[in-house]
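Note that the UniProt record's numbering has the sequence shown beginning at 1, numbered continuously upward.
Report on one structure; see the data block that follows.
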Amino acid sequence: MARKTVLQLSGVQRHYGQGDTTLSILKGADFELVRGEMVALVAPSGTGKSTLLHLAGLLEHPDDGEVFIGGRPCNDLSDDERTAIRRSEIGFVYQFHHLLPEFTAIENIMMPQLIAGLSKAEAKERAAQLLDYMRIGPRAEHRPAELSGGEQQRVAIARAVANAPRVLLADEPTGNLDPKTASYVFDALEALVRQSGLAALIATHNHELAGRMDRRVTIEGGKVVEM
Ligand code: ADP
Ligand code: MG
């Protein structure tokens, strides 16, 4: 597989105003993620992991620098264009699943595909495949409240990749799970990334899981550095 950069942050700066002072979180951060690669983002709380992921996921704008998705600079695009890229090329998983409570597992995974314009039948077939892949096929018709924490996160991961994005961004996706469940959820996530050629940037405090990824980076002095 040819080396292909799917996500690039170049000289990214992010500052937050706090009263009279400015909090500089990212001060010229550079980062590159290539196709098929899994990278752990390991850094103490408050150092800017979520900020970095939100910038990479086009949920926020950098104060300076540029974010490239599939080689395309995204800063100056319109909100509609950014939303379109986010929907088709980026999957996001949070620490808490954010599934829609009134819909079943399979419906939650169908939703982004229906928004993308797939037919109900197509969306359902792909959702069922993903549920099987995440080894939760039998739970398809259950609502989130009827699922365990590990099952909820596997549905959230399946939903994030439903539209076959290039990049999966996960913000402490197993942070809310016990170690054994975290490991099981990570197994499913890893298998998915490996077979799809997706690239993933995963913030985690779990050093065992970080050790299983291809690379580990941290945030130091507002920059991304290899560990
Ligand atoms: P992490 O995910 O590594 O814990 P965050 O990216 O959430 O860190 O936050 C980094 C720092 O930026 C924290 O000090 C946080 O309080 C601050 N911060 C994050 N978002 C905002 C915001 N919208 N306004 C002001 N400060 C913020
Ligand atoms: Mg965070």
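Virtual Cβ for every residue (Gly too), placed ideally from N, Cα, C.
Residue i Cβ short of 7 Å to the ligand ADP heavy atom set
i, result
"Ile-202", "no"
"Gln-152", "no"
"Ile-136", "no"
"Thr-83", "no"
"Leu-58", "no"
"Ala-43", "yes"
"Gly-48", "yes"
"residue 314", "Summary: the structure shown does not reach residue 314, with the chain confined to residues 1 through 227, and so no result is reported for it."
"Thr-51", "yes"
"Gln-18", "yes"
Contact belief for residue i with residue j at Cβ below 8 Å, rounded distance in angstroms
i, j, result
"Leu-169", "Gly-57", "5 Å"
"Thr-174", "Val-42", "With a Cβ gap of about 13 Å, Thr-174 and Val-42 do not count as contacting."
"Asn-163", "Ser-88", "6 Å"
"Ala-158", "Leu-201", "The Cβ separation is near 18 Å, so there is no contact."
CA nearest to the CA of residue i, picked from the options
i, options, result
"Thr-5", "Phe-31, Leu-26 and Leu-118", "Phe-31"
"Asp-63", "Gly-117, Gly-175, Ile-25 and Ile-106", "Ile-25"
"Ser-50", "Phe-68, Tyr-94, Asn-176 and Asn-163", "Tyr-94"
"Leu-33", "Glu-125, Asn-206, Gly-71 and Arg-135", "Gly-71"
"Asn-108", "Ala-140, Ala-164 and Glu-122", "Ala-140"
"Ala-123", "Gln-129, Ala-158 and Met-110", "Met-110"
"Pro-101", "Glu-146, Leu-59, Gly-137 and Ile-136", "Glu-146"
"Asp-178", "Glu-208, Leu-198, Ala-199 and Ala-156", "Glu-208"
"Pro-112", "Pro-165, Gln-13 and His-61", "Pro-165"
"Glu-37", "Gly-221, Glu-220 and Ser-196", "Ser-196"
"Ala-127", "Ile-106, Pro-138 and Glu-172", "Ile-106"
"Arg-35", "Asp-79, Arg-3, Arg-86 and Gly-149", "Arg-3"
"Thr-204", "Ala-29, Pro-44, Ser-10 and Gln-18", "Pro-44"
Check: residue i C-beta below 7 Å from any heavy atom of the ligand MG
i, result
"Asp-171", "yes"
"Ser-88", "no"
"Lys-4", "no"
"Lys-120", "no"
Test item: CB-CB of residue i and residue j under 8 Å
i, j, result
"Thr-83", "Arg-143", "no"
"Lys-180", "Lys-27", "no"
"Arg-154", "Val-193", "no"
"Phe-68", "Gln-8", "yes"
"Thr-22", "His-15", "yes"
"Gly-91", "Val-161", "yes"
"Asn-75", "Glu-66", "yes"
"Ala-156", "Leu-99", "yes"
"Leu-59", "Asp-171", "no"
"Leu-55", "Val-12", "yes"
Burial state of residue i (16 or more Cβ within 10 Å)
i, result
"Met-213", "buried"
"Ile-115", "exposed"
"Val-167", "buried"
"Ala-182", "buried"
"residue 228", "Nothing about residue 228 can be reported from this structure: the residues present for the chain run from 1 to 227 only."
"Met-134", "buried"
"Ala-199", "buried"
"Glu-151", "buried"
"Ala-191", "exposed"
"Gly-211", "exposed"
Any C-beta of chain D under 8 Å from that of residue i
i, result
"Glu-190", "In the displayed structure, chain D is absent; only one protein chain is listed."
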